[in-house]
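K.L.:
Sharing a structure here in structure tokens format.
2 protein chains.
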Amino acid sequence: MRIKLDQTAELLKQADDILVLSHKSPDGDTLGSASALCTALQRMGKRVSFACSDPIVPKYQNLFNAFVPEHFTPKYIVAVDIADIVLLGKETEQYQNSIDLAIDHHVSHKEYAHMSFLDSCAASTTQMVYDILCVMGVAVDKQIANCLYTGLCTDTGCFRYSNTTAKALRTAARLMDAGADAAEINRVMFDTKSHARIKAERMALESITFHDKDRFAMMEITKDMMEQSGATESDIDGLAALPRQIEGVLIAATLRERKDGGYKVSLRATPPYDASVICAEFGGGGHKGAAGCSFHEEKDAVKQKLIQAVSGYFLAQGI
Amino acid sequence: MRIKLDQTAELLKQADDILVLSHKSPDGDTLGSASALCTALQRMGKRVSFACSDPIVPKYQNLFNAFVPEHFTPKYIVAVDIADIVLLGKETEQYQNSIDLAIDHHVSHKEYAHMSFLDSCAASTTQMVYDILCVMGVAVDKQIANCLYTGLCTDTGCFRYSNTTAKALRTAARLMDAGADAAEINRVMFDTKSHARIKAERMALESITFHDKDRFAMMEITKDMMEQSGATESDIDGLAALPRQIEGVLIAATLRERKDGGYKVSLRATPPYDASVICAEFGGGGHKGAAGCSFHEEKDAVKQKLIQAVSGYFLAQGI
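Quick note, the sequences are listed as chains A and B, same order.
First residue of the first sequence? That's 60 in the working numbering, and the numbers climb one at a time after it.
First residue of the second sequence? That's 60 in the working numbering, and the numbers climb one at a time after it.
If you want it as structure tokens, here you go:
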């Protein structure tokens, strides 16, 4: 059942022995939402625990500084920023049928909880958690503000992406008023690249080729590059956005070589062009700005197919 | 004489035949401030003109869409975002002794105007212009909001830098309410790299060397790289920030080869370390986070001097 802000705040007020869950491969929004909620609920005198299928990478560990997880049999289970129950992952899939409350901002949310507080207009789930804490009368201090700001800035690319609303900026302002270390969080989240990332980025940049009057760019991330650079998935996060940023490029593809052979293609389009239309030709899909599809062919064959598809797309667009 | 917001608004209301000046090598803040002011004052029925010593690069040309410059002998001259009179540049230096009003947010502002409205806490000069327009009772429409947002987002690195205040975020929120195309402006300002930039960036990445347990990184931008990539000054804007972003790097230097020989060094430091202390050893200076100095030696000699200075600095810091 879908519920609203006031009901969500009321349910949380009444609950105790609460387990908060983040999605697997946790990002700043799921962890910021969980840590803010855990810290706030524990301060209210409730017993609170947290679980996530994957470990928390170092840059997010500070979020849980003021929270001491407790051990108990949960009576109330809350999932934050989890769009689909399959995103719980192995370690927490035992809770898949017993989630009492889901708080989420994903437009693709597939309802799985007894109660769901959903707002696809929210820039981040932490923005929703901020509103919940305000309605609950919780004092948002520096620690909680840092958690909430982390989710807000990571999900909006530091207020750069199109999901940034005036409300998101106002929430960020209120979090700064509450003491959020915005500049330091931004530095850690956006201004720090691993050595492996720098190496992988350099190799990926070298692989870029241009086609169709430089309007289509292709970049490769091969198994060999990953090995040579020592990069992990987290290291190459966001790299696929790079070729689309090049001046004049309208469509950009990043070909990621799969461990089991074949390629996963991530396609980006500059507005008003539509990457999902091209991916649909190959059985893939996504959004206008970013879409994906998969291939089992060799690299050169994949490239040829993409060049043809993009060329056909441009022709159909009359450009 | 220093004046306040209300007086500034009153002076502009009374003025006519107004010339607005931007600084040379104009950026988003000086142009956003000037275009917003020109557009607003012209709508109030005043005769308005604009001048700048250097041409406006394409990405900023939209700012002046709603403004038609007029020809007249100026009776009131306003300088926006100009910290020092020498920044007028050749084409407008004729006005250096006759500036009636300066509106600026630089902490280093050297007063040169008859009246100065200064606020070093403002994240951008456009943030100050927004307040002025509000006090003047000007309706901030989409066009003016776009001008003001451009200055705010470019001067704060899209709300990432430490000069971003809660007020800056609130002003951005109000500009979005007024219709600013934030996502599109962010895309043009931050998500577009020239082909030459990509080439220069790749070469610069390849030049990075690490020293002192990888805590000190050095990057080169040589004349040869500039030639090979075809990059202009505007193309390599911000590139010097790159080596400091690498994980574990506390001090980073970018060695820029000068046309007339020698090197200009841009030094960056991760808080709490201080780049200006190291640059001071070589007769340079700047801020804690970013400082600079110059050398007339060959590259290898410059590198050795820097390695020694940084090593000494780390030792003095007890790290």
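Virtual Cβ for every residue (Gly too), placed ideally from N, Cα, C.
1. Counting contacts by CB-CB distance shorter than 8 Å, is residue 254 of chain B in contact with chain A?
2. Going by DSSP, which residues form a beta bridge with residue 249 of chain B?
3. Using Cβ-Cβ distances below 7 Å, what residues of the region 282-312 of chain B are close to chain A?
4. Name the residue from B/354, B/114, B/115, B/363 whose alpha carbon lies nearest to the alpha carbon of residue 269 of chain B.
5. Starting from residue 387 of chain A, follow the beta strand (DSSP E) in both directions and report where the run begins and ends.
6. For the putative contact between residue 293 of chain B and residue 279 of chain B, defined by C-beta atoms under 8 Å, what is the C-beta separation to the nearest angstrom?
7. Hey, out of A/254, A/230, A/346, A/201, whose CA is closest to residue 121 of chain A's CA?
8. Measure from the C-beta of residue 229 of chain A to each C-beta in chain B and report whether the shortest distance is under 8 Å.
9. The beta strand (DSSP E) that contains residue 260 of chain B, what's its start and end?
10. Thinking C-alpha only, which one of A/299, A/214, A/75 is nearest residue 165 of chain A?
11. Could you round the C-beta distance between residue 95 of chain A and residue 188 of chain A to whole angstroms and report it? I think they count as a contact, below 8 Å.
12. If we ignore side chains and look at the alpha-carbon of each, how far apart do residue 159 of chain A and residue 262 of chain A end up?
13. Please name the residue or residues paired with residue 353 of chain B in a DSSP beta bridge.
14. Quick one: is residue 15 of chain B near chain A, going by C-beta distance under 8 Å?
15. So, with DSSP's three-state summary, where would you put residue 123 of chain A?
16. Along the region 176-190 of chain A, where does the CB come closer than 8 Å to a CB of chain B? Name the residues.
17. I'd like to know if residue 250 of chain A contacts chain B, where contact means its C-beta is closer than 8 Å to some C-beta of that chain.
18. Using 10 angstroms around the beta-carbon of residue 357 of chain A, count the other beta-carbons present and answer buried if the total reaches 16, otherwise exposed.
19. Output, in sequence order along the chain, the residues in the region 332-345 of chain A whose CB is closer than 7 Å to any CB in chain B.
20. What residue range does the beta strand (DSSP E) around residue 107 of chain A cover?
21. If you check the beta carbons only, do residue 140 of chain B and residue 92 of chain B fall under 8 Å apart?
22. Once you ignore the five residues that flank residue 354 of chain B on each side, which residues in its own chain have a CB closer than 6 Å to its CB?
23. Along chain D, in chain order, which residues have C-beta atoms closer than 9 Å to that of residue 205 of chain A?
24. Which same chain residues end up closer than 6 Å to residue 79 of chain B when comparing Cβ atoms and leaving out the 5 residues on each side of it in sequence?
25. First and last residue of the alpha helix (DSSP H) that includes residue 194 of chain A?
P.N.:
Taking the coordinates as given:
1. Mapped onto the second sequence, residue 254 of chain B falls at position 195. Yes, residue 254 of chain B counts as interfacial toward chain A.
2. Taking the first residue of the second sequence as 1, we reach residue 249 of chain B at position 190. Note: residue 249 of chain B sits in no beta bridge, so no partner.
3. Hits within the stretch, in order: 304, 305, 306.
4. The residue given as residue 269 of chain B occupies position 210 in the second sequence. The closest CA to that of residue 269 of chain B, considering only B/354, B/114, B/115, B/363, is found on B/363.
5. The displayed coordinates of chain A run from 60 to 378. Any statement about residue 387 of chain A would go beyond what the structure contains.
6. The count along the second sequence starts at 1 and reaches residue 293 of chain B at position 234. The count along the second sequence starts at 1 and reaches residue 279 of chain B at position 220. Between residue 293 of chain B and residue 279 of chain B the beta-carbon gap is near 19 Å, outside 8 Å, which marks them as no contact.
7. The residue given as residue 121 of chain A occupies position 62 in the first sequence. Of the listed residues, the one whose Cα sits closest to residue 121 of chain A is A/201.
8. Taking the first sequence and counting its residues from 1, one reaches residue 229 of chain A at position 170. Yes, its Cβ sits closer than 8 Å to a Cβ of chain B.
9. Here residue 260 of chain B is taken as the residue at index 201 of the second sequence, counted from 1. Unbroken run through residue 260 of chain B is the alpha helix (DSSP H), 254-265; no beta strand (DSSP E).
10. Taking the first residue of the first sequence as 1, we reach residue 165 of chain A at position 106. Across the set A/299, A/214, A/75, the C-alpha of A/214 shows the shortest separation from the C-alpha of residue 165 of chain A.
11. Looking up residue 95 of chain A in the first sequence gives position 36. Looking up residue 188 of chain A in the first sequence gives position 129. Indeed they touch by this definition, with Cβ atoms about 5 Å apart.
12. If you number the first sequence from 1, residue 159 of chain A lands on position 100. If you number the first sequence from 1, residue 262 of chain A lands on position 203. In this structure, the straight-line span from the alpha carbon of residue 159 of chain A to that of residue 262 of chain A is close to 46 Å.
13. Reading the second sequence from its first residue, position 294 is the one you call residue 353 of chain B. Paired residue(s): B/323.
14. The displayed coordinates of chain B run from 60 to 378. Any statement about residue 15 of chain B would go beyond what the structure contains.
15. Position 64 of the first sequence, counted from the start, is the residue given in the question as residue 123 of chain A. Of the three classes helix, strand and coil, the one that applies to residue 123 of chain A here is helix, per DSSP.
16. Within the region 176-190 of chain A, no residue has a Cβ that lies closer than 8 Å to any Cβ of chain B.
17. For the purposes of this step, residue 250 of chain A is taken as the residue at position 191 of the first sequence. Cβ-Cβ to chain B under 8 Å: yes for residue 250 of chain A.
18. Here the question's residue 357 of chain A lines up with position 298 in the first sequence. By the beta-carbon neighbour count (other beta carbons within 10 angstroms, threshold 16), residue 357 of chain A is exposed.
19. Listed by position, the residues of the region 332-345 of chain A near chain B (Cβ gap below 7 Å) amount to none.
20. Here residue 107 of chain A corresponds to residue number 48 of the first sequence, with the count starting at 1. Segment 107-110, the beta strand (DSSP E) holding residue 107 of chain A.
21. Position 81 of the second sequence holds residue 140 of chain B. Position 33 of the second sequence holds residue 92 of chain B. Yes, Cβ-Cβ distance for residue 140 of chain B and residue 92 of chain B is below 8 Å.
22. Residue 354 of chain B sits at position 295 when you count from the first residue of the second sequence. So the qualifying residues of the chain are 321, 322, 361.
23. Here the protein chains are A and B, and chain D is not one of them.
24. For the purposes of this step, residue 79 of chain B is taken as the residue at position 20 of the second sequence. Cβ within range, chain order: 93, 96, 97, 109, 137.
25. The residue labelled residue 194 of chain A in the question sits at position 135 within the first sequence. Start and end: 184-195.
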